[in-house]
Each structure stands twice: as structure tokens, then as C-alpha cells.
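Novice: I'd like to ask you about the structure that follows.
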Amino acid sequence: MALQYYPSVSQSSNRLKRKHIEVGNISNVMFESMASSILANIDWVDHVVADVSTHEPAKIIPKPPLGEQRLNAKSSLQDFFINMMKSRGYSGSTYCTLTSGYNNKPSQHQISSYGVAFTKAIRSSNLLQVRKYLFEAGLNPNACNKFGESVVHLVCRQRNHDMLGLLLEAGCSVQVCDDFGRTPLHDACWTSSPNFKLISMLLDQDPWLLCLKDCRGSTPLGYVKDESHYSLWVNYLEEVADKYWPCVPADDAHKNNAWLDKLTQKDSRTPPLVLMEPNSRPIPTPELLSSLSVIERVANGSLQPGDIKRVKEDNHQTSSTKLQCEKNPARIRISLEHTTSKGALSAKSLVPSPEL
């Protein structure tokens with residue numbers, strides 16, 4: 011008769027206990043996995059987490075700051091802005107500056123005004139000197155080099171809202187870009203920390219600046235590299251959304267043509283300058299207080315703004331004398347003398363002839 015082996019009570023108890031532990035671990039893993047999946051797909055709220063394995067008291071995990079709630083590891087500030095714009099009735103599209111009216115070839119007055127002395131005064135935040143350059147000498151507030159890099163880009167990169175205010179007072183335009191397609195707002199976002207006062211000054215001039223992209227396809231928000239500033243940006247955009255991008259009702263919900271015509275004229279969903287061709291909107295030139303050659307000398311520092319008046323008076327006196335000579339050639343005797351060994355001649359004096 012074959013003997014059968016029956017486990018003892020103690021052995022069965024240990025085996026059952028071991029089985030219970032294994033099932034318990036699997037249950038815990040499944041519970042944690044399900045909880046993570048659920049929490050990842052719902053809005054952030056204060057939630058309670060209890061450790062079921064140790065039966066410890068429940069812990070309350072507070073919700074993160076406002077900005078972090080709307081951004082995850084795979085999203086960006088631009089994604090947040092596009093979603094916000096779409097929720098307000100806009101397309102959320104971005105537009106290339108180089109193929110629009112934001113891109114215009116610099117005028118000679120802009121290039122002549124972009125001198126070492128003028129840019130140095132701006133870099134050093136010498137408001138008094140810059141004011142003299144702008145209002146006494148007539149330098150261009152949109153002074154730039156041949157690549158379109160302007161003093162407006164410069165002050166935005168420096169986060170200098172006081173200097174930007176002075177340039178705006180002198181009539182500068184922020185609806186410009188350099189040959190890479192970067193607007194002043196691109197430079198304002200490309201800083202160590204955001205200056206929201208300066209950014210608001212730019213958006214006051216054109217709220218569409220945040221929708222413009224450079225030659226590489228980057229919008230101004232794409233220039234914000236420090237992720238620790240994301241929450242600040244999200245809070246700022248939510249605060250100013252009603253001011254710059256008011257909600258636009260859907261077209262099919264409003265059949266009032268007059269209302270839609272008014273919307274098209276004042277609150278268009280497409281930036282007006284995007285509909286314009288490049289080089290179709292040259293920057294206005296300030297009233298010329300002197301010639302371009304004098305403007306260039308002042309911008310480079312060889313002339314001071316206060317010297318403009320003296321130069322103009324000298325030019326006016328010379329022009330008057332020349333006009334008098336042309337009108338009365340018989341009453342003028344011109345004394346000439348040799349001034350160089352090569353026989354070059356110059357006018358020594360212009361005096362009325364005593365004989366006539």
C-alpha cells in the first residue's frame with residue numbers, strides 16, 4: 011500500500027500565508043498603476059493617498075502652482091498659448107514674419123542713425139543723451155544696421171522698459187523684424203528673466219507679436235528657455251488674455267452681418283500685417299533736421315546734437331551768399347589765390363566790388 015503524503019497544518023498555513031503575501035503585492039501594484047493612470051487624465055485637485063500595505067494614515071497631497079497645472083513634461087508655453095487662443099475663438103495659427111509686412115528693407119536714414127555713439131548711449135541707459143539724439147539731432151528711433159538689427163531689439167534684449175518708452179515717444183515701430191525674422195518681442199523673451207512691463211508695452215502696440223515666428227519657425231515664447239519661469243508666463247498670459255485677445259464667438263452662433271463686419275474691421279482673427287507683402291510698409295522717416303551726412307556724423311560721435319544748430323546756420327549763410335552771387339554776378343568780385351603747389355584754387359573772400 012502506497013503511502014500518501016499529507017502536509018501538516020503548519021506547512022499548509024505557511025504556504026497559504028506566502029500565497030496571500032504574493033497576491034497582496036500584485037494587488038498593491040495594480041492599485042498603484044490604476045491610480046496613476048486615473049490621476050494622469052483628470053484635472054488637478056487636492057487628493058488623498060493612503061498606503062494600503064502598511065495601513066498608515068492618509069496623506070493629503072496639495073495641488074501644484076497654477077502654472078504647473080497646465081503644463082506637463084511634453085508641453086510648452088507655445089502649446090499653452092495656442093490652446094488658450096483656440097478656446098477664445100482664434101485659430102491659434104502662427105505666421106512667418108519674413109513673408110509679411112513686418113519685413114521691410116531698412117531706409118538709409120535708419121542705417122545712418124545706427125552709429126557707435128547713439129547705440130552706446132542706449133546700452134548705457136543714458137536717457138538724457140538719447141533724448142537729445144532723437145529730438146535735437148533727428149536720429150531715427152528705428153535706427154538699425156543693414157541686417158535689420160535695431161535699437162528697439164537692443165532695448166528689449168536689455169529689458170529696459172524706460173528706454174523703450176522713450177523710443178515709442180519718438181515714434182518708433184515695434185512691428186519690425188531683422189533678417190532672421192526676429193521681432194523685438196523675440197528679444198524680450200530671450201532674457202535671463204521676463205520683464206512683463208516691457209512685454210506689455212510691446213503687446214499694447216501689437217498683440218499679434220506672440221503669433222509671429224522667425225526663419226527657424228520659433229515664436230517669442232519658444233525663446234523662453236528657463237522652465238522655472240513657465241508658471242510666471244502662464245499666470246501673466248491668463249491675466250492679460252481678456253485685454254489683448256478677447257473671446258470671439260463662433261461665426262455660426264452669430265448671424266448678425268453688421269456685427270461680423272465690425273469684428274472683421276476691429277478685432278480680426280488674422281494679423282493685418284500678415285496680409286501685406288514684404289517691403290510694402292517702409293518705416294516712416296522723422297522730419298529731417300539735417301542732411302544724412304550730418305545724421306551719420308552725430309550718430310558716430312564726431313558731432314554733438316548741440317552742434318546741429320551751428321552747422322545749419324553755417325549752411326544757411328553759405329547758401330544765402332551763393333544765391334546773392336548768382337543774382338548779382340556783376341556786383342561781386344571774387345579774389346582767388348593759389349593754395350597748393352599743384353595750383354589748386356579756392357575762394358578766399360567774397361566782397362562787393364568797390365568799383366560798382
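The opening position of the sequence shown corresponds to residue 11 in the working numbering, with each subsequent residue numbered one higher. In this text, a Cβ means the ideal position worked out from N, Cα and C, and glycines have one as well. Predicted model, so just to flag it, every value in this text is computed and none were measured.
1) So who's on the other strand from residue 223, going by DSSP bridges?
2) Taking only the alpha-carbon atoms, compute the straight-line gap between residue 218 and residue 188 and give it to the nearest angstrom.
3) Which one of 225, 90 and 123 has the shortest CA to CA distance from residue 313?
4) Nearest to residue 283 by alpha carbon, out of 172, 107 and 100?
5) Taking the C-alpha atoms as reference points, what is the distance between residue 272 and residue 92?
6) From residue 98 to residue 309, what does the alpha carbon distance come to, in whole angstroms?
7) In the DSSP output, which residue or residues are listed as bridge partners for residue 160?
8) Run the CB neighbour count on residue 192, radius 10 Å, all protein chains shown included, and call it buried at 16 or more, exposed below.
9) Can you say whether residue 289 is buried or exposed, counting buried as having 16 or more other CB atoms within 10 angstroms of its CB?
10) If you draw a straight line from the C-alpha of residue 161 to the C-alpha of residue 132, how long is it?
11) Compute the Euclidean distance between the alpha carbons of residue 111 and residue 222, then round it to the nearest angstrom.
12) Figure out for me which residue from 121, 166 and 114 has the closest Cα to the Cα of residue 135.
13) Distance check for residue 172 and residue 245, CA to CA, integer angstroms please.
14) For the alpha helix (DSSP H) that contains residue 89, what are its first and last residues?
15) Counting C-beta neighbours from all protein chains within 10 Å, is the total for residue 185 16 or more, i.e. buried, or is it exposed?
16) Just the C-alpha distance for residue 76 and residue 253, rounded to the nearest angstrom, thanks.
17) Can you tell me whether DSSP reads residue 129 as helix, strand or coil?
Specialist: Based on what the coordinates show:
1) DSSP output for residue 223 lists 106 as bridge partner(s).
2) Straight-line Cα distance between these residues: approximately 17 Å.
3) Distances from the CA of residue 313 to each of 225, 90 and 123 were compared; the closest alpha carbon is that of 123.
4) Nearest C-alpha to residue 283: 107.
5) With a pLDDT of only 45 at residue 272, under 50, the local geometry of the prediction cannot be trusted, and no value is derived from it.
6) Here the alpha carbon of residue 98 sits roughly 46 Å from the alpha carbon of residue 309.
7) Paired residues: 154.
8) Of the other Cβ atoms in all chains shown, 16 or more fall within 10 Å of the Cβ of residue 192; this residue is therefore buried.
9) Sixteen is the threshold: since fewer than 16 other Cβ atoms of the shown chains lie within 10 Å of the Cβ of residue 289, the residue is exposed.
10) Distance between the alpha carbons of residue 161 and residue 132: 8 Å.
11) C-alpha of residue 111 to C-alpha of residue 222: approximately 12 Å in a straight line.
12) Of the listed residues, the one whose Cα sits closest to residue 135 is 166.
13) The straight-line gap from Cα to Cα measures roughly 24 Å.
14) Following the DSSP letters along the chain, one finds residue 89 inside the alpha helix (DSSP H) bounded by residues 87-97.
15) Flag for residue 185 reads buried.
16) Any reading at residue 76 must be qualified, since the residue scores a pLDDT of 44, below 50, and its modelled position is unreliable; no value is offered.
17) When DSSP states are grouped into helix, strand and coil, residue 129 belongs to the helix group.
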